[in-house]
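Novice: Before anything else, here's the structure in question.
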Amino acid sequence: KEAKAKKDEL
Amino acid sequence: NIFRVLGDFSHLASIFILLHKIQQLKSCSGISFKSQVLYMLVYITRYLDLPWTSSPYNFIFKVLFISSELYIIYLMARAYKPTNDPNLDTFHVEFLLGFAGLLALLFPYKYTILEVFWAFSIWLESVAILPQLFMLQRTGEAEAMTAHYIAALGMYRALYIPNWIYRYFSEPTHKVDTIAVTAGILQTILYSDFFWIYYTKVMRGEKFKLP
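This is the structure we're talking about:
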């Protein structure tokens, strides 16, 4: 979950 | 938030400026082919999650970045190949690949294929402009459109910095993405010298010329 959150940027 | 959106549109604008320059002047002179190939590598390794992208905003941008970069590489390698001078594009990219590869393997958030490639892409992007800046230093000057391209591309990551600050305070988790932030700051620092000349020359109507 932690690692997923920041992948919302390009 | 506004910084994030301005950043992404600045990134998109930089690509349109570059395509406009190549097609208007029918030449890719002054553009580093090596930097463009590095950006292609950045997009491929970062957007491995493309099929699982849930946000339409991100999905559209990812597709746009990958496809436009492919087209730029096609123009430079095929259509306008004679205008591309490899003798000026001599930066040793293996140093940049080694730097990004080493950091990605040493400090990923997790040892999974996606995470290691993601970290690699972030570090590689932070230094991918160096062959372009090196070429600029060798020629000593740049066409206005080339200068606008580099400025818009640099602004994109610079605008991500206030975006991260905004997100830190506005989101309840107060999470800091150390890899993205460190690399983003490094990337912006590498542009600072360019930004200064762009600001003092090009924005005042003069030619981009190194002192």
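Protein chains in written order, with the numbering used here: chain G, 1 to 10; chain C, 11 to 221. The C-beta atom is built at its ideal place from N, Cα and C for all residues, glycine as well. Here the structure is a predicted model, which is why all the values come from computation and not from measurement.
#1: State buried or exposed for F26/C, treating a residue as buried only when at least 16 other CB atoms are found within 10 Å of its CB.
#2: In the DSSP assignment, find the alpha helix (DSSP H) that holds I123/C and state where it starts and stops.
#3: Any idea if L169/C is buried or exposed, counting beta-carbon neighbours within 10 angstroms, 16 or more meaning buried?
#4: 9 Å is my cut-off, CB to CB: does H21/C come that close to chain G?
#5: Between K120/C and A157/C, what straight-line distance do the alpha-carbon atoms span, to the nearest angstrom?
#6: Could you work out which residue in L80/C, S24/C, R88/C is closest to L48/C when comparing CA atoms only?
#7: When the distance is taken between beta carbons, is E151/C closer than 9 Å to K31/C?
#8: Could you pull the start and end residues of the alpha helix (DSSP H) that E79/C belongs to?
#9: For the alpha helix (DSSP H) holding F19/C, just list the boundary residues, first then last.
#10: Starting from E181/C, trace the alpha helix (DSSP H) in both directions and tell me its first and last residue.
#11: Which of the three DSSP states is assigned to F218/C in this structure?
#12: Would the beta-carbon of K36/C fall within 9 Å of that of D99/C?
#13: Report yes or no: is there a C-beta of chain G within less than 9 Å of the C-beta of W133/C?
#14: Please go through the same chain and pick out, in chain order, the residues whose beta-carbon is closer than 6 Å to the beta-carbon of Y57/C, but skip the five residues on each side of it.
Specialist: Quick look at the numbers:
#1: exposed
#2: Boundaries of the alpha helix (DSSP H) harbouring I123/C: 123-137, taken from the DSSP string.
#3: Around the beta-carbon of L169/C, 16 or more other beta-carbon atoms lie within 10 Å, marking it buried.
#4: yes
#5: 38 Å
#6: L80/C
#7: no
#8: 66-84
#9: 12-34
#10: E181/C -> no alpha helix (DSSP H), and no H or E assigned at all.
#11: strand
#12: no
#13: It does not; no Cβ of chain G falls within 9 Å.
#14: K72
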